[in-house]
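Enquirer: Start counting the sequence shown at 35; every next residue gets the next number (my numbering).
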Amino acid sequence: MNHSLSTEPLPRLAPFRTVFPFVFAIVLVFALSAYPKALIPQGKYISWDKLAHLAEFGTLSYITARMLYYSGRAWWHRHWVVLLFMFGVLFAISDEWHQSFVAGRLSSVFDVIADSVGVLLGYLLFNRIIQKRLQPKR
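1) Indicate whether residue 133 and residue 124 have their beta-carbon atoms separated by less than 8 Å.
2) Between which two residues does the alpha helix (DSSP H) harbouring residue 136 extend?
3) How would you call residue 160, buried or exposed, if buried means at least 16 neighbouring beta carbons within 10 angstroms?
4) Please report the distance separating the alpha-carbon of residue 154 from that of residue 95.
5) Taking buried to mean at least 16 other C-beta atoms within 10 Å of its own C-beta, is residue 138 buried or exposed?
6) In angstroms with no decimal places, state the Cα-to-Cα distance between residue 119 and residue 172.
If you want it as structure tokens, here you go:
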């Protein structure tokens with residue numbers, strides 16, 4: 035459904051239900067990146083660190099998608115997917131850059147890739163939920 039050609043109002047949630055979780059998630063990611071030593075132990079066969087990146091950025095992506103989609107702003111609503119991926123990847127890069135200044139932490143292009151895959155997973159989950167809600171009721 036294209037809301038820009040419709041007279042239907044855009045879906046909107048109160049800002050405290052969308053913006054607050056977004057800001058909280060951003061601050062949490064920044065705070066976790068500021069720890070001098072990674073909190074996630076390295077596994078022998080599975081990289082728990084990469085799974086943590088997937089979960090962290092998947093959650094952030096879902097929260098960001100929800101904020102953009104339910105903002106009530108027509109432009110954000112129409113372009114939420116592009117905005118989501120631009121924000122997610124740029125934030126992943128900035129997060130790794132931030133870690134490069136923290137003693138005992140390293141930045142890695144592989145972490146940016148894991149973060150970006152997390153953004154994709156968050157998008158897929160949110161999009162699936164939206165598509166189910168848009169399906170006509172039987």
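Where a beta carbon is used, it is the ideal one built from N, C-alpha and C, also for glycine.
Expert: So, from the listed chains and residues:
1) Cβ distance not < 8 Å, so residue 133 and residue 124 don't count as in contact.
2) Careful: residue 136 lies outside any alpha helix (DSSP H) and carries neither H nor E.
3) Label assigned to residue 160: buried.
4) Answer to the nearest angstrom: the Cα atoms are 8 Å apart.
5) Residue 138 is exposed by the Cβ-count criterion.
6) Straight-line Cα distance between these residues: approximately 33 Å.
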